[in-house]
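Please read the structure below before turning to the comments.
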Amino acid sequence: MNGLSRKLLWLLCLFPVLGILVLLPWGTSPLEQSLTVMDNTLVAPAQGECRDLFAIFYSGDSGWGFVEQQLSQPLNEHAISVLGVDTKAYFWNGRSPESAVADLSLLITRYREQWHKSHIWLIGYSFGANVLPSLIERLPAEDRSHVIALTLLGPTQDIFFEVELENYMHQSWLRTQAKRLRNAVLPVRHYDALPPLSSLQQQLPVVCYFGTAPSIHVADRSLCETTRLPPWIKATAYPGGHDFGGVFQPVATQMLHDIAPLLPSCHG
């Protein structure tokens with residue numbers, strides 16, 4: 017076999033491998049492997065407070081990291097258990113909205129029963145804030161009836177159900193190349209973030225938090241600060257950029273303040 021024949025044979029063997037890397041959800045984690053569980057059901061709420069709820073927090077596309085931990089810890093300290101969904105792992109190679117909704121419904125049902133809580137607080141940061149309205153509008157009525165509020169942290173102006181590779185994502189060489197190849201062959205589709213958010217009017221309260229520092233990229237400008245934001249959504253600005261300048265306590269404090277009037281009263 018001459019050199020040219022060997023190269024052709026090598027290429028023929030390589031194509032199926034590349035096809036597998038591109039088309040299969042290689043590197044995408046199932047729901048259970050994408051969860052961080054911050055269970056605080058044994059902590060008693062402060063006198064006069066009711067904590068008949070837990071939070072489901074969808075992370076930014078960097079994964080469950082420092083921002084999410086810093087915003088969740090104060091909630092946990094106030095007897096609110098948090099389920100953290102690592103969107104980088106979960107949406108790495110894409111999910112259909114229907115698949116993501118089914119998993120969110122599963123989380124709601126499972127942890128309502130396990131933690132004996134009736135109410136759900138949905139929170140999303142960046143990528144997570146972008147996808148949550150689309151998931152809520154597709155939730156079964158029974159699940160949606162338990163969602164009492166949606167908190168959006170730094171949402172941008174478009175939605176996509178697959179993580180796009182960014183320079184700040186530290187991945188292995190193989191995973192990086194597979195992701196680049198996949199997105200070259202199957203470009204990630206983007207959708208306007210406004211329609212699914214607008215559909216939630218009169219369905220549940222929505223609060224939007226954003227940093228006021230200018231974004232380098234226009235695409236990163238928060239939906240919260242645009243004139244497109246529906247007037248029924250409360251928007252609260254903070255110093256700093258997309259990550260609130262690394263100062264999270266005021267944001268978490270305001271989140272707790274905003275959720276308090278929506279909590280059911282405790283009796284007995």
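If you use the working numbering, the sequence shown corresponds to residues 17 to 284, in order. Just so you know, even glycine gets a beta-carbon here, dropped at the ideal spot from N, CA and C.
Buried or exposed: residue i, going by 16 or more other Cβ atoms within 10 Å of its Cβ?
i           : result
residue 250 : exposed
residue 264 : buried
residue 71  : buried
residue 97  : buried
residue 6   : For residue 6 there is no data in the structure shown, the boundaries of the chain being 17 and 284.
residue 280 : exposed
residue 258 : buried
residue 46  : exposed
residue 82  : exposed
residue 188 : exposed
residue 267 : buried
residue 39  : Any reading at residue 39 is ruled out, since the residue's pLDDT is 45, under 50, leaving its predicted position unreliable.
residue 205 : exposed
residue 276 : exposed
residue 248 : exposed
residue 196 : exposed
Just to confirm, is the Cβ distance from residue i to residue j under 8 Å?
i           : j           : result
residue 154 : residue 117 : yes
residue 144 : residue 103 : yes
residue 121 : residue 128 : no
residue 216 : residue 166 : yes
residue 78  : residue 184 : yes
residue 169 : residue 139 : yes
residue 74  : residue 101 : yes
residue 150 : residue 124 : no
residue 1   : residue 220 : What the structure shows of the chain is the stretch from 17 to 284, and residue 1 is not part of that stretch, so it cannot be assessed.
residue 261 : residue 227 : yes
residue 107 : residue 179 : yes
residue 222 : residue 252 : no
Between residue i and chain B, is any beta-carbon pair separated by less than 8 Å?
i          : result
residue 85 : Any reference to chain B falls outside this structure, which holds one protein chain only.
Starting from residue i and walking both ways along the beta strand (DSSP E), at which residues does that stretch end?
i           : result
residue 227 : 222-227
residue 74  : 69-74
residue 254 : 250-254
residue 52  : 51-54
residue 98  : 98-101
Can you tell me whether residue i is helix, strand or coil according to DSSP?
i           : result
residue 163 : strand
residue 207 : strand
residue 150 : helix
residue 138 : strand
residue 262 : helix
residue 81  : coil
residue 1   : There is no way to answer for residue 1, as the model of the chain reaches only from 17 to 284.
residue 267 : helix
residue 87  : helix
residue 202 : coil
residue 169 : strand
On a Cα-Cα basis, can you pick out the residue from the options that is closest to residue i?
i           : options           : result
residue 54  : 47, 238, 92       : 92
residue 229 : 255, 123, 218     : 255
residue 274 : 81, 225, 189, 207 : 225
residue 239 : 218, 208, 89      : 208
residue 270 : 262, 90, 193      : 90
residue 114 : 156, 105, 126     : 156
residue 52  : 243, 85, 109      : 85
Locate the alpha helix (DSSP H) running through residue i, then write down its first and last residues.
i           : result
residue 124 : 113-131
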